[in-house]
Structure formats: C-alpha cells, structure tokens
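To keep things clear, I will list the structure first and then write my remarks on it.
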DNA sequence: GAGTAAATTTCACTTAGTGGAAACGAGGGC
DNA sequence: GCCCTCGTTTCCACTAAGTGAAATTTACTC
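Residue numbers (the working numbering), protein chains in the order written: chain A, 522 to 779; chain B, 522 to 779.
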C-alpha cells in the first residue's frame, strides 16, 4: 500500500528487502495461503515484482509453494526463527518460570507481550485451567493494542512521542468509534499511572488486567493477568490488579538482579 | 558465506532480499544477539551493506536494536510470523488434536516436523509427562536431519534427487565420521522402506521412532514418537514402531478425508 | 583527555532491480 | 475436445537503487 509508488521510504533503507518483508507480513492467521496476484493487490506492488520476490522467498525457505493452487504459504524456517525469538529473549528467560508459578498459584492466566506496529504480540501466554491437561502456552498470537489491557499498559510505558504516533494509527483503523475509543485508551493510561495497572474487558466474560514493564535499552513489555467466565466487576479488577502489581515488582527485581 | 562474492545465486532472485533473510537466519538459539560486525563476519557480507540492511530490518520490525551494546536481536514480529505458520498449516490443524490424544493414550512424546535446509523443524512436539502439569508443547525447535529418526524418515519420503542433494550437505557438515554416518542414514532409510518406520537413539536414554508423511503438493512431513529414561532396545523400537505406523495410517486418512 | 577500534555515512559507479509488454499456461464454458 | 479468457511468468531496455571503499563520526579504553 504505502510502499507502492515512488518509494516514499525516503531516507536509506533497502527497498527490495522492505518489499520482501511486507510480502511475508501479508500472511497472518486467517490468511493462510496467498497467490502472487493477491499479494500484489494487498501490498500494492507490481505483479512482476511480486513474482520475483516470492521466488526468492521460496528459494530461501521463507515460503512454501503450493503448486496445485499456484499459491504460497509461510514455510517452516519462519517458525524456527520464531522459536529463536523466544529462546533469545532474556526477559522471557527470566519471567517465564515466574509466570508459570504465578499462574498456578493464583489460578489465572498470565501473559507477557510486546508490540509489533499497532498490535500486541504474546511472547508467552499461560492459560490457566483447573484441569492440568488443558493448560496451555501460546506464543506469537496478536491482539489489537488499543482494545486490550495489554496494549494500553504498553502505551502507558511508552514515551509521549511514540505513543502519539500510535494513537494516530488507531484513529485510522477504527474510524467510526474513534472519539470514545481514544478517551477509553486515555482513561486506561491514567489508570496505569495512578494504580499501576489497567483493567479492560475486551472479550465478553473475560477480565484482563495489565501493567507495563519498562527496562532501559529494551522494548517496552506488558504483563497481564486474566480470568474467564466471571462477571467483570471493579472490585475483581482491583483484586487482580493488586496481585499483578506485586508480581510485576518481583519481576522487575528478577530482571535487574543478576 | 556462499553469498559473498559475485552473486553466485545466478538466475533470477533478489539479492538484497536474499541477504536480508540470511541476516535473519544468522540468529538462532544460542546466537541471541549479534552486532553488525559479527553479522558481516558470519554472512560474508561487506560491513556497510550489513549496516544498511539491519537498519531496514529494524524499521520493518524484524530486528530490535539493543542500543546499549550496539547489537541486534530478533523482534516480536518474527514470533508472530512463526505463529502464523502454525495457524496456517492445514496438516497441523488436522494432526494436532490427533497427536495430543495419541500422546496421552500411549504415554509417549509425539512430534510432527518438516525440513528447513538440513535441519528438521518441529511444527509440534508434544512432550508426555506423567504429571500433567509438566506436559508441554514446543514448536520451531530444530534438530539435525541426519542424526535423528525424524530427519531420516523425512529423507526416506523425498525423491532421489532431493535426498542426494542433502546427503552432500551432511558430508560437508560432519567431515569426520562421514562414512559410518552415511551408512547409518542409508540403513534407516531402508528400515523405513521395509517396516514403515526407523528407530534412532540420538540422545542417550531417548528412543525415537519416525515415519514420513508424503502428501501430493505439500512438503514432506515426518511424524515421530519417543520415550525417555528407558533402555533403547530393538524390541521396544518395534513396539513403538507398530503404534506409529498405525497412527500414521490414521493421520493419512484424516488428511485425505474432508 | 588523547588514542584506538568499530560502526556509520558519504560518494561516485554501475550493476542489479524495475515494470510494461509479450508469451505462456491453466481452467472453464460451449 | 477445442477455444477463449484470466492470471502468471518471462523478456527487455532503462535507470534508479544498491553497492563497497574510504572518510567520518561515535563509543570505549587506558
């Protein structure tokens, strides 16, 4: 889209690489396979260019060709890069075990996320379930930043400039309900400033509470705790919030420790 | 390395994109952070080129800059792409639930993998543990193709040409024990042809058994089952092998069905 | 605070990437 | 079964975009 004409990127940056990445990004949950045509449409790139770039991406293991339908799919190499992200994250290395213990102790979901553009990406999401067999860990899942406690806590942890740049994106994305939405976001951010956490019930029957983790020199992270199948009340939010704030303090200690 | 001089890639392919991908690939478990210098060394690319490409990768969310140490780390966007791989895999969608059930039923580990270059990448690896809390699912982990049952089963599922190309790589990688190793690999492949599975004890105390899953128009996959803390005997391999072959048959049925 | 090592930007060069148009190939309808 | 149409890939001349050596700036050491 924005990439289409005249290479607006401006400064210095490698156009072909940018385009290749944008092609990879066109694949996401729900968009499993794409043909060159669809890619061209979604990215705004000329068809011949897409054809060449997908060829390179296949040759280098980032895409698999589904010959029968003349279409492409993300390849296994991408998954192993994703795994490397998790293995290489010092924050996850320290917080992972703490989060698992805390999830069991408090009997609720615990998640750690950071941002990719205007989405939050779970580095780890521990789903608590009374039946141990059904507990699970998910990573890489995306949730919208402006609608979730996780995202709003993240925003609260950013510098003013970075936050403002993102707020603009939300306006574009959610053209209709903008006014209310931005007010909601601001309210959550104030809540983080005041109480250390914000509580949001994004999905019906789920109450989520989140807090930012700011570490010098690293991206901002956000921790959350959530419970399902419960009436989301102010009091419950405050209770989980107090657990979360205490937990986050321990986390920050562990991170700055050794 | 191979990329260095004169763009050996030859045919048509986008050099900058190739290089960018190769930079991403330089990060893997154990290589958490890399500076531009190290990247240049590992990839054989000129330093200025690396400098520019990493800048692009940062701008497009694939790398995070660790300013304090003038170094880079894979970013969250890569993780969410990895997640998209799993969500978009029709094979995993069908086999995932079957694998989980089978792991519980047989009380052993069940894995599904495919190849990235000369490594096998787990799409899903279900680790059975008597204590339900300690069961886990891992995805994206890599294991060497030539040393594992998974990899050898995969090789058995390939066409002759593709297999030969990989065998050459093993020779390079394992210059010393080549002769014995290749013989071992061949033996495993014959075992797959004869019995439908091959058994390998790659890590001490772990017996793994694998079988290929070949589906027209898709990459070759391999299924495995494994048990820990047990004396790896021929008889045990045969027993697990029979479970695996039966399970694989069910899997193939489920895949070709609806 | 000067010296050293590394990363980044500059700059002129030219190769490598581009996109329009032509060729090719796969489905679908008649 | 053949022809037509739509989508994809290849070709080709053009030139802008990417390149790498050298200069500059930046960070770190003694």
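Every residue, glycine too, gets a C-beta built ideally from N, C-alpha and C.
With at least 16 other beta carbons inside 10 angstroms of its own, residue 596(B) counts as buried. Residue 624(A) and residue 741(A) have their C-alpha atoms roughly 22 Å apart. Against chain B, the CB of residue 746(A) has no partner CB under 7 Å away; the residue lies outside that interface.
Take the alpha-carbon of residue 706(A) and the one of residue 574(A): they are about 39 Å apart. For residue 610(A), same chain residues with a beta-carbon under 7 Å away, outside a window of 5 residues either side, are 644 in chain order. Here the alpha carbon of residue 701(B) sits roughly 17 Å from the alpha carbon of residue 685(B). When DSSP states are grouped into helix, strand and coil, residue 579(A) belongs to the helix group. Per DSSP, the unbroken beta strand (DSSP E) holding residue 733(B) starts and ends at 727-734.
Proximity of residue 601(A) to chain B, defined by a Cβ-Cβ separation below 7 Å, is satisfied. Residue contact with chain B for residue 706(A): absent (no Cβ-Cβ distance below 7 Å to any residue of chain B).
When rounded, the separation of the alpha-carbon atoms in residue 657(B) and residue 652(A) is 14 Å. Residue environment: residue 717(A) is assigned as buried (16 or more neighbouring CB atoms within 10 Å of its CB, all protein chains considered). Taking the Cβ atoms as the reference, residue 608(A) lies roughly 4 Å from residue 550(B), within the contact range of under 8 Å. By the criterion of at least three beta-carbon pairs nearer than 8 Å, the region 731-748 of chain A is in contact with the region 631-649 of chain A. Below 8 Å, enough C-beta pairs join the region 710-725 of chain A and the region 667-677 of chain A to call them touching: three or more.
In the DSSP assignment, residue 617(B) falls within the unbroken alpha helix (DSSP H) covering 611-627. Taking 8 Å as the Cβ-Cβ cut-off, the region 555-582 of chain A approaches chain B at 573, 574, 576, 577, 578, 580, 581 and 582, given in chain order.
Judged by pairs of C-beta atoms under 8 Å, the region 575-595 of chain B touches the region 541-557 of chain B, as three or more such pairs exist. Counting C-beta pairs with one atom in each stretch, the region 753-766 of chain A and the region 717-730 of chain A have three or more that are closer than 8 Å, which means they touch.
Per DSSP, residue 750(A) lies in no alpha helix (DSSP H) segment and is marked neither H nor E.
If you draw a straight line from the Cα of residue 683(B) to the Cα of residue 733(B), it is about 15 Å long. DSSP, reduced to helix, strand and coil, places residue 698(A) outside both helices and strands of the structure shown, so it counts as coil. Non-local beta-carbon contacts of residue 540(B) in its own chain, meaning distances under 8 Å to residues more than five positions away in sequence, involve 524, 564, 566, 570 and 574 in chain order. Per the DSSP secondary-structure output, residue 632(A) pairs in a beta bridge with 646(A) and 745(A). Under the DSSP assignment, residue 537(A) falls in the alpha helix (DSSP H) whose first and last residues are 536-547. Looking at the DSSP output, residue 555(B) bridges to 593(B). Counting along the chain, residue 584(A) sits inside the beta strand (DSSP E) bounded by residues 584-587.
Boundaries of the alpha helix (DSSP H) around residue 674(A): 670-678. Within a 10 Å sphere around the beta-carbon of residue 704(B) sit fewer than 16 other beta-carbons, which makes this residue exposed. Secondary structure note for residue 665(B): its beta strand (DSSP E) is the uninterrupted segment 663-665. At the C-beta level, residue 600(A) and residue 603(B) come within 7 Å of one another. Residues of the same chain with a CB within less than 7 Å of the CB of residue 679(B), apart from the 5 flanking positions on each side, are 741 in chain order. Within chain A, the residues whose beta carbon sits less than 7 Å from that of residue 585(B) are 740, listed in sequence order. When DSSP states are grouped into helix, strand and coil, residue 722(A) belongs to the coil group. As DSSP reads the structure, residue 641(B) sits in a beta bridge with 636(B) and 664(B). At the C-beta level, residue 775(A) and residue 615(A) come within 7 Å of one another.
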